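All remarks here apply to the structure that follows.
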Ligand SMILES: Nc1ncnc2c1ncn2[C@@H]1O[C@H](COP(=O)(O)OP(=O)(O)OP(=O)(O)O)[C@@H](O)[C@H]1O
Ligand SMILES: Nc1ncnc2c1ncn2[C@@H]1O[C@H](COP(=O)(O)OP(=O)(O)OP(=O)(O)O)[C@@H](O)[C@H]1O
Ligand SMILES: [Mg+2]
Ligand SMILES: [Mg+2]
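Residue numbers (my numbering), protein chains in the order written: chain A, 1 to 296; chain B, 1 to 308; chain C, 1 to 313; chain D, 1 to 275; chain E, 1 to 275.
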């Protein structure tokens, strides 16, 4: 092939002094991401370093103590947190997913009451957690007379995270291609059969992600429990839903409030435990997401 | 749905001393002031070694929040850093909750300054009032404003939160009226913040319980208080014998008469009272003197007999 | 044309009528509706919990005093009920948080959506989501014992107090970065690729395409993300309670200790104020105000997002 | 010069469509206030292949989806006029749309297998319809009829998404057959497929027409010419108010439509002068 | 019998393509390890319309996107061989892809106006390219050339998404013209449009070819026959290893391709026996 000399278009295709702004922009973006994650890294390093002396088995084998912080543990807090998370998962996740199914698959979006439900859910997602504490105290603990029990705490937190579950489950359900629904309906399946057997299984990865985000939030909340006046020093594990309890974040808060240095070390160690539970849950989410996405 | 008590033995409660004959079960709910909580917490821990089946959760809803629950019959023991107020009495009466007031320890409110502060070794109650009274707000800005002899170092005030009994007591004792205080100080629920705040500012001053001072004696100096009878430093002795005035104060628990009928509550209270010295030390408060201890024991007996 | 003949049509022998009853569908729909209505019940519950003490509060304290003064101290003697100091603190901390979170979060979102390879995105997004799950007490603790001392030693001239709005706001900002980043990234990813290609085909660079095509097209989603982040920041309790303090003095200086509305509720709610007292009712009045503020903001943003949607679709 | 090979010329099965499965009269379809299709009359003959052709947006899919009431699922969609299925009004009050869809199967433009195994894809329809009997046999039979059995019999438990596009589309046909429908509707079943896969699907349609009535929408005139017995040509007309409505222009034997259309618009369209 | 109206027969502009804009030799395109297109040689003549036709998946879009380096944006995509633009290697080290795209415009299958006003859509390109001068004139000129000015001149500040599909596609062409490119690439520009809009775009292409070189990918043989000067027919072939690769089968004047193709596969395709 003969290489022809360029005729009319004498301007060649070479770079014509493109600004270095392009590179600066890219680097700025990347550093923003790194700064955000840098905070996380710094925080992790700090608490691990601070809590290091107490990161041993007594931490989860013993009960908290005001007398001997140096050998105290946070077992009751761990169990309390696990109880709350478990119950929240049992209550908030099914309710949230069902509500999402209603809104995505059944609700006629032109009806005022469905619009109201939607607006209400997005509003609730923004309501401060301390206000949920007021709700829990006034309505659940007192009015329903559930007292200051695991049940009250779990219901309060469930209501707190419910909007998150609903919103993310809706996203996941919406992401299931309509062709799957049509395919099922065209075979004579009913709507619920279609949802239960096609839509929900396909939406599992998205629902799982949203659920874990919601439970992560539930794990870390202290403010509603503060309002509920959950006991801070509890030297026993909850035995049931009507038992008194405490949760890790609240214990951490009370440790921070103590003046003795040992309590601060203990607080850092407890934070490491809390973060470990959090990371464990997140990895489960990622595992679920990847596993189910691979299959489908 | 509270933990209803079920008993191992009915005899255990009334005999005052060391009743570990039968294993008890049930739950003794305590709530209230976070200042008093360490005492009840320490009691709960020690009691747990004797009666491991009895659960004693200790909440820290504050004296006010605690009284609300207590007068609604939701808790058995109320920790209070101040005496019950009239409206709270009314609430308890309305629900038919009977109780008595037990003084379990003494606290000496300690006024602290940082180590760098060399001028304020002793302050009169008038000087304190001048710093803290509502009228001082925005006016008394430096130490020099308090007393011309002091340097013109900026005055930075730290104290417990306005909702605490400690605050109420201090304002009453110094400013003459409960709750009357300048607002532009740094309040904190967390005494540790006061330690940090005061030790970090040369012109800092704050107050809190004696315990916290002892733990931070390396960072802070305790100011001697002169209420007209010369300078007195806070200490166990001066607090117990009442010479550290007007800043030593009693700490209370309010057991409910109805709850005392339950053997596990009675056993816990017996334990509490009988070991009050060790408990106060463990909680880092100033223990009662012999006379006060005797009164505590008789008060508990009176409550029990009232409960029947 | 065939008129409607009997159900036993020729060639099929079976009618098209329902062969078996299907009550199940109805029951299912009812259960689903109930699940959706729980959220409405929640709102009703919140209002019910707040309304009575709030009304009692305002029967004693006039709206004029509540909103007309800058002197706040419901627990002092004499008490003062000018709510502005805690509103200012709330707004200021929220502002600091937004100043931190919006640039960082948006930049991170643009990076993840426009620049990162799928593998990088797959790693970074979950890590960012971990940041969203870090308990707020932890952020508060970190702000108090690490960030504030750090700032004090780096910028001594700021004269930072041991508790201050700056460190609290900073960490609230870090807490909401993932909300901004993750939701914005979602809406940028939803921008049809055709728009990007259209821009590249005109000789636009990646930066111009991101800034002038993708971001504007995803605008409604980004606004929604920011509004949600603002609500979270305004209502955040533990970080401000631990690191921001409780001093409610009317000031705009973020190096000072400040009490936000949420911090006030937490403080007074766990304090020694006696129930039924005016101080106690103040908790509910402030709670109502905070609830109304977030609700209004969200409602407003929902409207705005809807308006933009109309423009862009 | 190219010449369109027309199946109709070779074997027009029922010249008069004596045995109509669907009788459509005065059918108009609305989306909200918009009348997408106006006044359609046509009969679909038993065990024939009827093709619907026409430019984009003329309402082919809309009409097709009326035949198994898939349009019910679109909020605001509404059919006016009459469609009788074996003489029974398809939109009658007592008619259960779910039963309709079971009896009148559908295959879509883009193959849409469920993200399950091949086996489960086929078994799904019979299962949700509460069919009893040996599922293995049902699956094998359906796959055999869809000319897919030999290709997949060794990997029946494998995920259906791992099949090629053409195999997926045949799977979708097999899935539709498995519930033993009476009619199969196909909306551009080959437009996502390569030529080889297309040929296979076309052969399959010819095969299936022994047992089933087939209605197919296609963009591809060559395809209509090759496979169908009858062809309906739709187009979009602008009315006085400037609104576009789909209309049925001509409906006749495929051979007639492609060799001697009676309408000028049909001729223009198939000779490529238009669209 | 239908007869394809062929533009090429009427006016073959440059019988020998003496003045090639693009010289493609030995072009293969990979997506990762997959060789999607193998060994393409073709020349694109100046101020001609070149059509690329062939069954789905044969690599038409892939080749087209090499001409303005849009493939660079697909992770893993890689072109091997040579494409010279006026003799200059398009993939040379010194070549700036952004400059390439400015000089070689592109119009996509689905109209993709930015969600901005009509005015801003047109002005976007000149602005990002730092062009000076009166923007109003640039906008008017581009819209006029794209035969859209009269229809939109009164609502120039209105959102472009409020236009009809055909108008949107002409807007996209106007947008491409506004940066004063030398070549316009079009990837199935009419497949989302109705027949009337299609006719308008085709007329526009004829018009534009006075000033621009146009390369168009189309599924619609009638369209290729109507508008193009030269036609390239691609198909997909399965190699020994069972992998499908796109190949250029025949490249010639449109009139020749449609009346007297030299390759059997081309003939099969255009007569509809295939695809
Ligand atoms: N869900 C809907 N809501 C409103 N209008 C619709 C809807 N679906 C289709 N239409 C309109 O109805 C008309 C007919 O659409 P239809 O999909 O039936 O056309 P078609 O002939 O199948 O076209 P194509 O060949 O592009 O598939 C079009 O104008 C379309 O815009
Ligand atoms: N981004 C990509 N990654 C991997 N493979 C691709 C990608 N894009 C296209 N291909 C593959 O390259 C081959 C050619 O695709 P291309 O889009 O060029 O075909 P086409 O001729 O334009 O088809 P159509 O007519 O359907 O648009 C196909 O096998 C396709 O699957
Ligand atoms: Mg269609
Ligand atoms: Mg293509």
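All C-beta atoms, glycine included, are put in the ideal place defined by N, C-alpha and C. Here the structure is a predicted model, which is why all the values come from computation and not from measurement.
Problem set entry | Any 3 or more C-beta pairs closer than 8 Å across the segment 119-133 of chain D and the segment 203-219 of chain D | no
Exercise. Helix, strand or coil: which one does DSSP assign to residue 309 of chain B?
Worked result: Limits of chain B in this structure are 1 at one end and 308 at the other, which puts residue 309 of chain B out of reach.
For this session: Could you tell me whether any non-hydrogen atom of ligand 1 is closer than 7 Å to the CB of residue 262 of chain E?
Result: no
Exercise. Which chain D residues are close to residue 184 of chain C, counting only those with a beta carbon under 9 Å from its beta carbon?
Worked result: Those within 9 Å of residue 184 of chain C in chain D number zero; the least Cβ separation is about 29 Å.
For this session: Report whether the distance from the Cβ of residue 231 of chain C to the nearest heavy atom of ligand 4 is below 7 Å.
Result: no
Problem set entry | Backbone secondary structure at residue 112 of chain A - three-state DSSP | helix
Exercise. Assuming residue 220 of chain B and residue 115 of chain B make a contact with CB atoms under 8 Å, what is their CB distance in whole Å?
Worked result: 7 Å
Exercise. For residue 20 of chain A, does the count of other Cβ atoms within 10 angstroms reach 16, so buried, or fall short, so exposed?
Worked result: exposed
Problem set entry | Identity of the residue in D:158, D:99, D:261 and D:109 nearest residue 115 of chain D by Cα | Restricting attention to D:158, D:99, D:261 and D:109, the CA atom closest to the CA of residue 115 of chain D is found in D:158.
Exercise. Who are the neighbours of residue 247 of chain D on chain C, taking C-beta pairs under 9 Å?
Worked result: The premise fails here: residue 247 of chain D is roughly 19 Å from chain C at the closest Cβ pair, so nothing lies under 9 Å.
Exercise. Less than 8 Å separating the beta-carbons of residue 80 of chain D and residue 246 of chain D?
Worked result: no
For this session: Leaving out five residues on either side along the sequence, give the residues of the same chain with a beta carbon under 8 Å from the beta carbon of residue 142 of chain D.
Result: Within the same chain, residue 142 of chain D has close Cβ partners 122, 174, 175, 177 and 178.
Exercise. For residue 45 of chain D versus residue 19 of chain D, is the C-beta distance shorter than 8 Å?
Worked result: yes
Problem set entry | Inter-residue CB distance, residue 39 of chain B and residue 296 of chain B (contact presumed, cutoff 8 Å) | That belief does not hold up - the Cβ atoms of residue 39 of chain B and residue 296 of chain B are roughly 12 Å apart, past 8 Å.
Exercise. Are there three or more Cβ pairs, one per stretch, closer than 8 Å when the segment 101-113 of chain E is compared with the segment 182-200 of chain E?
Worked result: yes
Exercise. In whole angstroms, what separates the C-alpha of residue 59 of chain E from that of residue 215 of chain E?
Worked result: For residue 59 of chain E and residue 215 of chain E, the gap between their C-alpha atoms comes out near 14 Å.
Exercise. So, residue 173 of chain C versus residue 99 of chain C, is the Cβ gap smaller than 8 Å?
Worked result: yes
Exercise. Should residue 172 of chain E be counted as a contact of ligand 1 given a C-beta to heavy atom distance under 7 Å?
Worked result: Result no, Cβ not under 7 Å from ligand 1.
Problem set entry | DSSP three-state assignment for residue 264 of chain A, whether helix, strand or coil | helix
Exercise. From what residue to what residue does the alpha helix (DSSP H) around residue 355 of chain D run?
Worked result: The first residue shown for chain D is 1 and the last is 275, placing residue 355 of chain D beyond what the model contains.
For this session: Run down chain A in chain order and give the residues with a C-beta less than 7 Å from the C-beta of residue 361 of chain D.
Result: Since the first residue shown for chain D is 1 and the last is 275, residue 361 of chain D is missing from the structure and cannot be characterised.
Exercise. Around the Cβ of residue 184 of chain B, are there at least 16 other Cβ atoms within 10 angstroms (buried) or fewer (exposed)?
Worked result: Residue 184 of chain B sits buried, since 16 or more C-beta atoms from the chains shown fall within 10 Å of its C-beta.
For this session: Pick helix, strand or coil for residue 133 of chain B, following the three-state DSSP scheme.
Result: In the structure shown, residue 133 of chain B sits in coil (DSSP, three-state: anything other than H, G, I, E or B).
Exercise. Taking 7 Å as the cut-off, is the CB of residue 217 of chain E close to at least one heavy atom of ligand 4?
Worked result: For ligand 4, a non-hydrogen atom lies closer than 7 Å to the CB of residue 217 of chain E.
Exercise. Which residues bound the alpha helix (DSSP H) around residue 60 of chain B?
Worked result: Note, residue 60 of chain B: premise wrong, no alpha helix (DSSP H); not H, not E.
Problem set entry | Sequence-distant residues of the same chain with beta carbon closer than 7 Å to residue 61 of chain E, five excluded per side | 187 and 217
Exercise. Does residue 40 of chain B get closer than 8 Å to chain C when you measure Cβ to Cβ?
Worked result: Output row for residue 40 of chain B: interface = no.
Exercise. Three-state secondary structure (DSSP) at residue 54 of chain A?
Worked result: helix
Exercise. Residue 140 of chain D lies in the alpha helix (DSSP H); which residues open and close that run?
Worked result: 135-145
Exercise. So which residues of chain A does residue 235 of chain B contact, with C-beta pairs closer than 8 Å?
Worked result: At a beta-carbon threshold of 8 Å, none of the residues of chain A lie near residue 235 of chain B; the nearest stands roughly 19 Å away.
Exercise. Say the cut is 7 Å; is the CB of residue 74 of chain D nearer than that to a heavy atom of ligand 1?
Worked result: yes
For this session: Could you tell me whether any Cβ in chain D is nearer than 8 Å to the Cβ of residue 187 of chain A?
Result: yes
Exercise. How many angstroms separate the CA atom of residue 227 of chain E from the CA atom of residue 171 of chain E?
Worked result: 20 Å
For this session: Indicate the three-state DSSP secondary structure (helix, strand or coil) for residue 82 of chain D in the structure shown.
Result: strand
Exercise. If you run the structure through DSSP and keep just helix, strand and coil, what is residue 384 of chain A?
Worked result: Summary: the structure shown does not reach residue 384 of chain A, with chain A confined to residues 1 through 296, and so no result is reported for it.
Exercise. Under the three-state reduction of DSSP, which class applies to residue 79 of chain B: helix, strand or coil?
Worked result: strand
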